[in-house]
Every structure is written in structure tokens, then in C-alpha cells.
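In this note's numbering, the protein residues as written are 1 to 260. Since the structure comes first, as C-alpha cells, the remarks are kept for the end.
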Amino acid sequence: MKRHIQAVLLVLTGLGLLHAALFTDLCLRYVKEGQRPVLIASGALLVVLGLAGAILDRTAPEDDGHAHSDVPHADGHDHSAVPDAHDHDHSAVPRVAWLLFLPALSLLFFAPPALGAYTASRANNQAVKKGQHFDPLPATTPLPMTLSDFTARVQQDRGQAVRGRSIRMTGFVTPAEKGGGWYLTRIIFTCCAADSQSVKVRMYGTPAAPANTWLAVTGTWHPGGTLGTRTAPAALDVHRTDRIAPPVNAYTDDLPLTPS
Numbered sequence: 001m002k003r004h005i006q007a008v009l010l011v012l013t014g015l016g017l018l019h020a021a022l023f024t025d026l027c028l029r030y031v032k033e034g035q036r037p038v039l040i041a042s043g044a045l046l047v048v049l050g051l052a053g054a055i056l057d058r059t060a061p062e063d064d065g066h067a068h069s070d071v072p073h074a075d076g077h078d079h080s081a082v083p084d085a086h087d088h089d090h091s092a093v094p095r096v097a098w099l100l101f102l103p104a105l106s107l108l109f110f111a112p113p114a115l116g117a118y119t120a121s122r123a124n125n126q127a128v129k130k131g132q133h134f135d136p137l138p139a140t141t142p143l144p145m146t147l148s149d150f151t152a153r154v155q156q157d158r159g160q161a162v163r164g165r166s167i168r169m170t171g172f173v174t175p176a177e178k179g180g181g182w183y184l185t186r187i188i189f190t191c192c193a194a195d196s197q198s199v200k201v202r203m204y205g206t207p208a209a210p211a212n213t214w215l216a217v218t219g220t221w222h223p224g225g226t227l228g229t230r231t232a233p234a235a236l237d238v239h240r241t242d243r244i245a246p247p248v249n250a251y252t253d254d255l256p257l258t259p260s
């Protein structure tokens with residue numbers, strides 16, 4: 001690839017990273033907040049390298065890419081002007097190399113969508129830790145809880161502290177593939193989208209909103225199995241739903257805001 005095209009590619013890629021991490025919050029669709037400084041530094045470095053490459057390319061002496069020899073051949077004739085059958089023009093850009101511009105331009109003009117219901121419906125619940133220690137729950141009503149904490153309390157808390165409590169959680173809608181119904185869902189990043197995990201709580205008693213709709217849901221545990229053991233379903237009998245705006249940093253399992 002020609003050097004000036006390489007410089008343009010570096011600059012575009014750097015600008016795409018800066019657009020996603022410095023000037024917008026698009027990077028939070030793909031990485032955790034703690035990775036933002038790394039992306040900003042990487043974008044700035046690529047821009048600097050691209051600009052430096054372009055400047056050096058303009059100041060470098062021109063080279064036609066062929067080596068010539070002034071040493072006469074054995075027949076006494078000068079063959080320097082005769083093209084070598086093995087000489088090729090390597091300055092042309094391979095067609096496939098132009099595809100490298102697609103990811104750079106996509107960061108600037110068409111960022112890939114965030115993970116949502118499609119991903120969550122094809123993933124197993126893996127974000128809930130086992131063997132947790134449970135402190136007494138506060139007396140707040142409704143009680144704000146994360147989906148992970150609610151699931152852990154339902155299936156591991158032998159004290160059955162969630163029984164009869166009014167619980168409030170937030171997440172997005174994931175339609176259930178079997179038997180209808182829907183889940184309140186969160187996707188959680190450990191580092192980035194590649195290692196994302198989902199946690200889902202089954203909702204009963206109200207029709208599903210469109211997929212990926214963000215809701216604040218208030219309800220009580222849906223009885224089943226033995227509360228405090230793995231036989232108990234992570235499920236809620238819904239008493240109230242409120243549409244909310246998607247959080248800026250959607251890939252954490254944060255506590256919902258207590259309604260005023």
C-alpha cells in the first residue's frame with residue numbers, strides 16, 4: 001500500500017477512536033468505562049503517526065522503485081534503459097487493502113449497534129456469583145435491587161429475605177423464545193463486548209413491551225420451587241412498569257433510582 005494511503009488510513013482510524021471515546025460515549029457499547037483512556041491515547045497516537053507519515057512522505061526524495069546499474073554488461077552494451085522482465089510495479093494498492101477503510105469509516109459514520117435482546121436471548125445467565133454472603137435488606141419500599149442481587153437472593157439466600165417484599169429493578173426487554181412472556185435483562189461487561197454475560201429475570205402478569213425497551217419494573221417474587229435454593233425461579237410478579245431512557249453506561253447491573 002502506498003505510504004500516503006497508509007497515512008490516511010491511520011488518521012481515519014485514530015479519528016474514529018477519538019470520536020467513539022472522546023467526543024461521544026459510543027465506546028461504552030463495546031468496552032467498560034475504564035478502557036476509555038486507553039482508546040483515547042490509542043486514537044491520538046494513530047493520528048500523530050498518520051500525520052507524521054504524511055509529512056515524511058512529502059519531504060522524502062522521489063524514488064521510481066527500480067534499481068539501475070551503471071556497470072556495463074559483458075557484451076559492452078549499456079542495458080540500463082532496457083526493462084527487466086522481472087521488474088514489477090509494486091506501488092499499486094491491492095484491491096483487498098481498500099477493505100481496511102471500512103472499520104475506520106464505520107467508527108466515524110456508522111457505529112455498530114449496541115448489544116441487546118438478540119444477544120441476551122442466545123446467552124445463558126452467567127453473571128450471578130455463587131456462595132455469596134447476604135446482609136439484611138433495608139426496609140425501603142419498593143426495594144431497589146440489581147438483577148444479579150435479586151437472582152442470588154432468590155436462589156441462595158436461606159433467610160428468604162425477598163419473600164413478600166416489593167422489589168424494583170431496571171433493565172431492557174428480552175422476549176422469551178419458548179412459551180411467550182419476557183425477561184428483564186442486563187448485559188454485563190467484564191472487560192469488553194467479547195466477554196459479555198447476561199442476567200435475566202422472568203416477568204409475569206403484564207404483556208411484553210417491544211424488545212430492547214428499557215423499563216423500571218416493580219413487583220414481588222413469583223413463587224415456585226423452594227425459595228433460597230436453585231429450584232426457585234428468578235422471576236417477578238409485575239405490579240408496575242415505567243419506561244425509562246437507556247443509561248449511558250448500559251453494560252453494568254446498577255441499582256435503579258428510587259421513584260420519587
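Note that CB positions come from ideal geometry on N, CA and C, so glycine has one too. Since we're looking at a predicted model, the values are computed, not measured.
Whole-angstrom distance between residue j and residue i, CA atom to CA atom
i, j, result
"residue 68", "residue 101", "Any reading at residue 68 must be qualified, since the residue scores a pLDDT of 49, below 50, and its modelled position is unreliable; the value itself is stated next. Using only the alpha carbons, I get a separation of about 35 Å."
"residue 244", "residue 255", "14 Å"
"residue 41", "residue 56", "22 Å"
"residue 109", "residue 28", "17 Å"
"residue 195", "residue 251", "11 Å"
"residue 180", "residue 212", "16 Å"
"residue 178", "residue 114", "24 Å"
"residue 35", "residue 152", "28 Å"
"residue 230", "residue 130", "11 Å"
"residue 150", "residue 139", "15 Å"
"residue 158", "residue 137", "13 Å"
"residue 220", "residue 246", "23 Å"
"residue 145", "residue 172", "15 Å"
"residue 193", "residue 31", "6 Å"
"residue 6", "residue 26", "25 Å"
"residue 48", "residue 116", "35 Å"
"residue 58", "residue 37", "32 Å"
"residue 33", "residue 19", "15 Å"
"residue 209", "residue 3", "52 Å"
"residue 10", "residue 191", "25 Å"
"residue 207", "residue 122", "21 Å"
"residue 226", "residue 189", "31 Å"
"residue 65", "residue 14", "The predicted position of residue 65 is uncertain, since its pLDDT is 49 and thus under 50; a value taken from the coordinates is nonetheless stated next. C-alpha separation (whole angstroms): 29 Å."
Helix, strand or coil at residue i according to DSSP, with G and I counted as helix
i, result
"residue 216", "strand"
"residue 101", "helix"
"residue 148", "helix"
"residue 175", "strand"
"residue 254", "coil"
"residue 106", "helix"
"residue 192", "strand"
"residue 135", "coil"
"residue 38", "helix"
"residue 239", "strand"
"residue 163", "coil"
"residue 153", "helix"
"residue 168", "strand"
"residue 29", "helix"
"residue 187", "strand"
"residue 14", "helix"
"residue 9", "helix"
"residue 115", "coil"
"residue 68", "Confidence at residue 68 is low in this model, with a pLDDT of 49, below 50, so the placement of that residue should be treated as unreliable; the coordinate-derived value is given next. Coil, per DSSP."
"residue 46", "helix"
"residue 56", "helix"
"residue 85", "Reliability of the predicted coordinates at residue 85 is poor, the pLDDT of 47 falling under 50, and the value obtained from them is presented with this limitation in mind. Residue 85: coil per DSSP, three-state reduction."
"residue 22", "helix"
Per-residue burial, residue i [other beta carbons within 10 Å of its own, 16 or more giving buried]
i, result
"residue 118", "exposed"
"residue 218", "buried"
"residue 260", "Confidence in residue 260 is poor, its pLDDT being 44 and thus under 50, which makes the residue's placement too unreliable to answer from."
"residue 23", "exposed"
"residue 154", "buried"
"residue 170", "buried"
Whole-number beta carbon distance between residue j and residue i, since they are thought to touch under 8 Å
i, j, result
"residue 168", "residue 142", "4 Å"
"residue 132", "residue 228", "Actually they are not in contact, since the Cβ atoms of residue 132 and residue 228 sit about 12 Å apart, beyond 8 Å."
"residue 183", "residue 237", "The Cβ separation is near 14 Å, so there is no contact."
"residue 104", "residue 174", "Contact flag wrong, Cβ pair sits at about 32 Å."
"residue 232", "residue 201", "Not really, about 12 Å apart at Cβ, beyond 8 Å."
"residue 134", "residue 161", "7 Å"
"residue 107", "residue 224", "Not really, about 46 Å apart at Cβ, beyond 8 Å."
"residue 128", "residue 199", "6 Å"
Contact check, residue i vs residue j, beta carbons under 9 Å
i, j, result
"residue 253", "residue 215", "no"
"residue 8", "residue 54", "yes"
"residue 147", "residue 95", "no"
"residue 39", "residue 21", "yes"
"residue 12", "residue 50", "yes"
"residue 239", "residue 166", "yes"
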